[in-house]
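Visitor: Numbering (this note's numbering), first residue to last: 241 to 742. The beta carbon of each residue, even a glycine, is placed where N, CA and C say it ideally should be. Given the structure is predicted, the values throughout are model-derived calculations rather than measurements.
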Ligand code: TXE
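Below, the structure is given as structure tokens:
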């Protein structure tokens with residue numbers, strides 16, 4: 241398989257301007273140089289070239305950002321902003337992002353490797369939907385009047401609850417869909433009156449930095465949204481340890497999530513963890529095969545499989561196994577692999593050389609364990625970090641390629657006989673993030689849905705996060721939820737007020 245490399249789209253002037261601009265941290269509404277002078281390179285995964293240098297944030301930089309966020313939290317301009325004004329501000333922010341969608345899509349293509357039209361329309365589309373959905377919440381953050389009766393003789397009370405912002409939020413974001421996940425954390429912070437310090441992944445910081453600048457342009461007060469670049473061990477750790485941070489919202493690996501949870505215990509922070517997955521896809525013999533194969537392909541090969549909800553374990557009813565595997569392999573072979581800036585690219589590179597090597601390690605181990613590469617199975621030569629879309633048939637259920645999150649364009653296929661076996665295989669994982677059922681039989685669907693231990697079940701659909709639907713996992717896929725009303729609960733404290741009136 242070859243990589244398409246010619247005829248790349250040219251960068252629009254806005255993208256070029258931002259790439260050329262010296263990169264700093266974004267603190268209190270200003271670009272601020274790093275305190276240490278250390279920096280790191282951001283690499284274009286389509287050709288291994290250095291895009292730009294980024295300052296590596298220190299504990300001092302993190303402290304500066306948290307102080308700015310804490311000042312903004314208590315500034316009447318933000319604290320007392322009428323809810324309807326906060327709503328209007330969020331809509332202005334969304335409109336401004338929409339006007340810069342092409343630029344942001346190109347930055348994601350360069351930084352992550354995703355096709356730029358996916359960045360522009362799918363990722364930025366979700367960013368806009370999330371911001372506009374969350375803009376409906378500031379006017380609806382109500383408490384309740386409680387009837388507590390007369391708990392003491394001859395003493396009457398008026399009692400109510402009110403909701404308040406949880407405080408300064410520390411957001412730690414991964415590299416796979418950086419802008420979208422950053423917005424999943426920024427939008428609820430803006431809706432609830434919190435302030436936020438974001439640490440983007442050291443691998444993909446560009447679009448998030450641009451987003452912070454757009455927030456200021458949209459009228460979000462200085463200090464409400466701050467971005468510190470840098471590595472997890474230093475900047476990330478300092479954010480989790482800081483006593484002025486009330487909440488940590490993390491998306492990333494299970495290993496790092498557990499470490500963050502342990503660290504956050506020292507200051508008893510409110511913690512939300514959206515971790516990895518190894519999501520099962522159950523394909524029943526009554527499914528619409530054409531739609532199923534397209535949906536399964538999109539669900540594993542979209543964003544080169546670097547998606548936490550990727551449907552990476554396919555369980556196929558035995559009678560249709562060979563046919564379904566061959567159809568999926570054919571679909572995989574039809575995908576065009578190339579740089580994110582190529583207009584025909586379906587599948588971009590993996591995000592980094594190290595990640596490409598990790599994905600190849602899983603594929604090779606899966607082949608050694610007895611899996612058959614019906615299609616794919618190799619890295620693609622070239623300066624970029626490409627791996628062929630891969631369908632591995634019949635690896636053992638207990639092998640790493642079936643059990644571990646690969647985060648690449650690799651799907652395993654294993655047959656099953658009945659619904660109980662399908663549910664057992666689907667649940668045979670430490671994760672519980674998402675799951676997929678393809679079937680036209682409503683009884684089969686309703687029998688399976690309650691049996692699956694996962695935060696999301698998509699029936700006859702590939703994954704798409706909707707801002708109204710809570711997003712998170714069972715088991716070791718995390719704690720708490722992003723999106724929906726649930727995230728608003730995670731970003732607010734409930735205060736009980738009891739007033740004696742006689
Ligand atoms: O993740 P990490 P990595 C999975 C996927 C991938 C694997 C490793 O399987 O192959 O994780 O990716 C910051 N304190 N997912 O190494 O380490 C780090 O700087 C505070 C699934 O990139 O979890 C980055 O900003 N922060 C996932 C963020 O955590 C720390 C998406 C994620 O990095 C830290 C990404 C520390 N001690 C990867 N150590 C999903 N759920 O979608 C690191 N960080």
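Less than 6 Å between the CB of residue 414 and some heavy atom of the ligand TXE, yes or no?
Guide: Taking 6 Å as the cut-off, one finds at least one heavy atom of the ligand TXE near enough to the beta carbon of residue 414.
Visitor: Bridge partners for residue 602 per DSSP, in chain order?
Guide: According to DSSP, which records beta bridges pairwise, residue 602 is partnered with nothing at all.
Visitor: For residue 516, is the beta carbon positioned less than 6 Å from some heavy atom of the ligand TXE?
Guide: Yes; taking the cut-off as 6 Å, the Cβ of residue 516 has a heavy atom of the ligand TXE nearer than that.
Visitor: Taking residue 267 and residue 279 to be in contact with their CB atoms under 8 Å, please state how far apart those CB atoms are, rounded to whole angstroms.
Guide: About 17 Å; that fails the 8 Å criterion.
Visitor: At a Cβ threshold of 7 Å, is residue 618 touching chain C?
Guide: Included in the structure is just one protein chain, with no chain C present.
Visitor: From residue 326 to residue 721, what distance separates their C-alpha atoms?
Guide: 23 Å
Visitor: Helix, strand or coil for residue 253, going by three-state DSSP, please let me know.
Guide: helix
Visitor: Looking at the structure shown, is residue 258 part of a helix, part of a strand, or coil, going by DSSP?
Guide: helix
Visitor: When you compare the CB positions of residue 305 and residue 466, do they come within less than 7 Å of one another, or not?
Guide: yes
Visitor: To the nearest angstrom, report how far apart residue 659 and residue 482 are at their CA atoms.
Guide: Rounded to the nearest whole angstrom, the CA to CA distance from residue 659 to residue 482 is 48 Å.
Visitor: What are the boundary residues of the alpha helix (DSSP H) that includes residue 373?
Guide: 364–374
Visitor: Give every residue of the same chain whose Cβ lies closer than 6 Å to the Cβ of residue 623, excluding the five residues on either side of it in the sequence, and list them in chain order.
Guide: 287, 288
Visitor: Is it the case that the Cβ atoms of residue 405 and residue 383 are separated by a distance below 7 Å?
Guide: no
Visitor: Given the structure, does residue 283 come close to the ligand TXE, in the sense that its CB is under 6 Å from one of the ligand's heavy atoms?
Guide: no
Visitor: Do residue 420 and residue 387 have their C-beta atoms within less than 7 Å of each other?
Guide: no
Visitor: Decide yes or no for the touch test of the region 480–500 against the region 681–693: beta carbon pairs closer than 8 Å, at least 3 of them.
Guide: no
Visitor: Bridge partners of residue 732, per DSSP?
Guide: 405
Visitor: Quick check: the Cα distance between residue 662 and residue 653, rounded to an integer number of angstroms?
Guide: 12 Å
Visitor: Using the Cβ count rule (16 or more neighbours within 10 Å means buried), how would you classify residue 647?
Guide: buried
Visitor: Just to confirm, does residue 552 get its C-beta within under 6 Å of one of the non-hydrogen atoms of the ligand TXE?
Guide: no
Visitor: Extract the residue ranges of the beta strand (DSSP E) inside the region 522–602, only unbroken runs of 3 or more that lie entirely within it.
Guide: 551–557
Visitor: Out of 249, 285, 298, 256, point me to the one whose CA is closest to residue 264's CA.
Guide: The shortest C-alpha separation from residue 264 is found at 298.
Visitor: Mind checking whether the beta-carbon of residue 645 lies closer than 6 Å to any heavy atom of the ligand TXE?
Guide: yes
Visitor: Less than 6 Å separating the Cβ of residue 434 from some heavy atom of the ligand TXE?
Guide: no
Visitor: To the nearest whole angstrom, what separates the beta carbons of residue 515 and residue 716, a pair I think is in contact under 8 Å?
Guide: 7 Å
Visitor: Nearest CA to the CA of residue 309: which residue from 473, 435, 547, 372?
Guide: 435
Visitor: Which whole-angstrom value describes the C-beta separation of residue 479 and residue 511, a residue pair presumed to lie in contact below a C-beta threshold of 8 Å?
Guide: Going by Cβ atoms, the distance from residue 479 to residue 511 rounds to 12 Å, so no, they are not a contact pair.
Visitor: Ordered along the chain, which non-local residues of its own chain (more than five positions away) have a Cβ less than 6 Å from that of residue 425?
Guide: The residues are 411, 489.
Visitor: Please state whether the Cβ-Cβ distance between residue 606 and residue 632 is less than 7 Å.
Guide: yes
Visitor: Opposite residue 711 in the DSSP bridges: which residues?
Guide: 722
Visitor: Suppose contacts are defined by Cβ-Cβ distances below 7 Å. Is residue 355 in contact with residue 585 by that definition?
Guide: Against a cut-off of 7 Å, the Cβ pair of residue 585 and residue 355 comes out as a contact.
Visitor: Assess, as a yes-or-no matter, whether the region 689–703 is touched by the region 663–671 under the definition of 3 or more beta carbon pairs within less than 8 Å.
Guide: yes
Visitor: Here's the rule: buried if 16 or more other CB atoms are within 10 angstroms of the residue's CB, otherwise exposed. What is residue 583?
Guide: exposed
Visitor: Under 7 Å Cβ to Cβ from residue 635, same chain only, skipping five residues before and after it: list those, please.
Guide: 606, 609, 610, 611, 641, 642, 652
Visitor: Please list, in chain order, all residues of the same chain as residue 272 whose beta carbon is under 6 Å from its beta carbon, the five residues on each side excluded.
Guide: 264, 265
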